[in-house]
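Only one structure is covered here, and it is reproduced in the block below.
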Amino acid sequence: MNLQNDFNNLNSKIQDVFKNWDNKILPHLPQHLDEMAKRTDALHRKRGV
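Take 40 as the starting number for the sequence shown in this note's numbering and just add one per residue.
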């Protein structure tokens, strides 16, 4: 088992996923998505008991 080889293969696959995200998904999202998420608390995590 070559862990370095496994890591390199996994890293390559992860980079491919990011490239696909940047090319296929990101262009369809609004320009100021991060500001909208903050303003609407879309990513705000609430904890409860």
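Beta carbons: idealized from backbone N, C-alpha and C, even for Gly.
Boundaries of the alpha helix (DSSP H) around residue 76: 72–79.
Counted as a single uninterrupted DSSP element, the stretch harbouring residue 88 is not any alpha helix (DSSP H), since DSSP gives it neither H nor E. Judged by DSSP secondary structure, residue 61 falls outside any alpha helix (DSSP H); it is assigned neither H nor E.
Between the C-alpha atoms of residue 51 and residue 57 there is a straight-line separation of about 10 Å.
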